[in-house]
Amino acid sequence: MPANSRHPALLFAISVAALECLGLFAYGISIAVSAAHEGSTGTTGSNVSPVSLLVIFVLFGALIGLVVRALWRGKGSARTAYLVTQGFGLVIAQTLISGSESFEVITGWALAAAAIAGAIAILTPAASRGLNLTR
3 MPANSRHPAL
13 LFAISVAALE
23 CLGLFAYGIS
33 IAVSAAHEGS
43 TGTTGSNVSP
53 VSLLVIFVLF
63 GALIGLVVRA
73 LWRGKGSART
83 AYLVTQGFGL
93 VIAQTLISGS
103 ESFEVITGWA
113 LAAAAIAGAI
123 AILTPAASRG
133 LNLTR
């Protein structure tokens with residue numbers, strides 16, 4: 003489907019998932035860089051190795067990237083995976099909101115707002131038509 007025929011709600015939902023994908027890649031890489039510079043064997047309060055965390059975050063980012071790709075191609079079956087992704091985003095947001103640092107709290111609220119707005123956007127009738135999910 004040509005980009006100019008996509009409804010803004012669908013484009014917004016795709017953008018939310020793309021930012022989540024990039025955020026996971028960036029966070030995974032930041033863990034690896036931090037471990038390389040500080041000689042860390044794991045994150046603070048965790049016994050998980052930085053290499054394992056890097057692999058996990060990059061894999062999750064890649065899976066979200068596949069959802070973005072499917073939505074971009076107009077595949078209606080990707081909507082369920084997208085909504086599950088936004089559900090995980092809300093769980094992560096709640097964890098950040100209950101954090102002690104103001105940056106964590108602000109990031110958590112931003113993630114929660116993006117996840118809710120993305121879920122609402124993907125469920126609009128216009129986005130459903132863009133994904134060929136009409137009744």
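Numbers 3 to 137, taken from the working numbering, label the letters of the sequence shown in order. C-beta: ideal position from N, C-alpha, C; glycine also. Since the structure is predicted, the reported quantities are computational estimates derived from the model, not experimental observations.
Q. Would the beta-carbon of Ala-129 fall within 8 Å of that of Leu-12?
A. Cβ atoms of Ala-129 and Leu-12: closer than 8 Å.
(Q) Less than 8 Å between the C-beta atoms of Pro-52 and Ile-33, yes or no? (A) Inclusion of Pro-52 and Ile-33 in the CB contact set at 8 Å is warranted, their separation being smaller than that value.
Q: Examine the Cβ distances between the region 65-81 and the region 111-122 and report whether three or more of them are shorter than 8 Å.
A: The way I'd put it, the region 65-81 doesn't touch the region 111-122; fewer than three beta-carbon pairs between them come closer than 8 Å.
**Q.** Residues near Thr-109 in its chain [Cβ-Cβ closer than 6 Å; skip 5 each side]
**A.** Same-chain partners within the cutoff: Leu-98.
Q: Under 8 Å by Cβ, that's how I've got Ala-117 and Gly-91 pegged, so tell me the actual separation to the nearest angstrom.
A: Correct: roughly 4 Å between the Cβ atoms.
Q. Of all the options Arg-8, His-9, Cys-23, which has the alpha carbon lying nearest to the alpha carbon of Leu-113?
A. When each option's Cα is compared against that of Leu-113, the closest is Cys-23.
Q. What's the gap between the Cα of Ile-16 and the Cα of Asn-134?
A. Distance between the alpha carbons of Ile-16 and Asn-134: 16 Å.
Q.
Applying the 10 Å Cβ sphere with the 16-neighbour rule, what's the burial state of Gln-88?
A. Flag for Gln-88 reads buried.
Q | Secondary structure of Arg-75, DSSP reduced to three states | A | In the structure shown, the three-state DSSP call for Arg-75 is coil.
**Q.** Where Val-50 sits in the DSSP three-state scheme
**A.** If DSSP states are grouped into helix, strand and coil, Val-50 belongs with coil.
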